[in-house]
Amino acid sequence: MADRQAWIGIHFKDGSWISSNDGRLAAYVNWALGEPNDGNVEPCAITWGRFQWRWADVGCTHETHAVCEIDM
1 MADRQAWIGI
11 HFKDGSWISS
21 NDGRLAAYVN
31 WALGEPNDGN
41 VEPCAITWGR
51 FQWRWADVGC
61 THETHAVCEI
71 DM
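In UniProt numbering, the protein residues as written are 1 to 72.
Listed below in structure tokens is the structure:
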């Protein structure tokens, strides 16, 4: 479970993290300690079990699952 991860639908553009759906600024962030660490090289974001489901930036060619809806 710790190594599971999922793309969360935000990416880095023009100095900000924005929604890939509507282009608006991300209204909520939950970055892991030390993240994001290079939005220019790693402009996409995932949630990662290794970081207690906090977020990390990754390259946009990083293959992972996508979250459509989840019960919390």
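Glycine included, each C-beta is placed from N, C-alpha and C at the ideal position. Quick caveat: nothing in here was measured; it's all calculated off a predicted structure.
Buried or exposed by the 16-neighbour rule on C-beta atoms within 10 Å, applied to residue 11:
buried
Going straight from the alpha carbon of residue 42 to that of residue 36, what length do you get?
8 Å
Let me check one thing: in DSSP terms, what residues is residue 18 bridge-paired to?
11 and 25
With a threshold of 16 other CB atoms inside 10 Å of the CB of residue 56, please say whether the residue is buried or exposed.
buried
How would you label residue 68, buried or exposed, when you count the other beta carbons within 10 angstroms and need 16 or more for buried?
exposed
Given this structure, state the Cα-to-Cα distance separating residue 40 from residue 19, to the nearest angstrom.
16 Å
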